[in-house]
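Residue numbers (UniProt numbering): 1 to 320.
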């Protein structure tokens with residue numbers, strides 16, 4: 001009998017399953033751990049956003065409104081201020097802005113947790129796209145948010161100017177900041193849609209042929225989607241969202257074309273080496289021409305057949 005292990009010696013990990021199979025309980029445990037890590041990152045990001053609120057975040061969000069002409073804003077002094085109409089409005093507003101900012105700041109981490117939970121069910125070559133997926137999704141969301149912020153001034157000027165010269169606005173902080181946040185999030189999430197098309201193509205669900213055949217419908221539905229999703233509902237903001245999305249979808253179609261070509265060449269090279277032992281091989285049963293050069297054995301057989309024919313002739317028998 002072996003004695004108890006010393007305290008200083010670390011316990012060895014159990015050997016890994018070569019087939020990488022997991023039970024339902026193991027899947028649920030991993031999902032719980034991934035969700036817990038994502039929520040922890042979201043909480044830390046919310047704390048950072050809550051502290052950032054008074055150190056530039058509120059000024060950054062209210063800058064498009066404060067940049068409008070003075071005749072569009074009704075203020076009691078020269079300062080640009082947003083109005084809060086209830087006692088708890090400021091606290092709830094700060095919590096809301098901090099939570100949204102925390103979700104954006106921690107998005108690379110919780111997107112990584114989401115992808116890390118999905119990758120065990122993918123093939124080895126599909127797992128290589130994990131870092132690219134997280135980086136591309138974060139970059140596209142940031143580009144969409146930046147574009148929304150740039151177009152926000154023109155959208156506000158157009159919408160507020162339609163009320164007439166005799167009307168001035170004094171916006172409340174919850175309404176205005178909620179409007180700005182919804183616009184930034186709408187642009188950011190909209191720019192993720194072409195990335196989803198690329199991801200579906202990489203896993204073999206959506207082919208380039210389907211995307212190319214549906215190109216016109218994709219562009220048309222993109223414009224309709226932009227018209228409905230933009231909070232301002234003005235044509236300037238709608239086109240500012242729709243045109244980049246059309247370009248991104250066209251880029252996604254071209255990426256799908258390259259991926260499908262590489263996949264076809266790889267499958268043609270591998271042929272049926274990845275077929276299981278108990279599965280029938282996809283052999284071509286059609287007859288084909290034998291163009292190979294004759295082997296020495298074929299030459300010997302041909303000489304033997306010629307000698308036999310010569311021996312069986314009548315003239316050869318009479319000479320014998």
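For each residue, glycine too, the CB sits at the ideal point set by N, CA and C.
- Sequence-distant partners of residue 57 (beyond 5 residues in either direction) whose C-beta falls short of 6 Å from its own C-beta are missing from its chain.
- Of the residues assessed, residue 224 falls on the exposed side of the cut-off, its CB having fewer than 16 other CB atoms within 10 angstroms.
- Apart from sequence neighbours up to five positions away, the residues of its chain that approach residue 187 with a beta-carbon distance below 8 Å are 144, 145, 147, 148 and 241, ordered along the chain.
- A contact between stretches requires three or more CB pairs, one per stretch, nearer than 8 Å, and the region 134-141 fails this requirement with the region 84-95.
- Among the bridge pairs identified by DSSP, residue 73 is matched with 169.
- Around the beta-carbon of residue 222, 16 or more other beta-carbon atoms lie within 10 Å, marking it buried.
- Contact annotation: the region 165-180 touches the region 91-105, with at least three C-beta pairs closer than 8 Å.
- Here residue 110 really is in contact with residue 42; their C-beta atoms are around 6 Å apart, less than 8 Å.
- For residue 246, same chain residues with a beta-carbon under 7 Å away, outside a window of 5 residues either side, are 219 and 222 in chain order.
- Here residue 224 carries a helix assignment [DSSP, helix/strand/coil].
- Collapsing the DSSP output to three states places residue 83 in a strand.
- For residue 107, the enclosing alpha helix (DSSP H) stretches over residues 107-118.
- In this structure, the straight-line span from the alpha carbon of residue 157 to that of residue 168 is close to 12 Å.
- In the DSSP annotation of this structure, the continuous segment of the alpha helix (DSSP H) that includes residue 62 starts and ends at 58-66.
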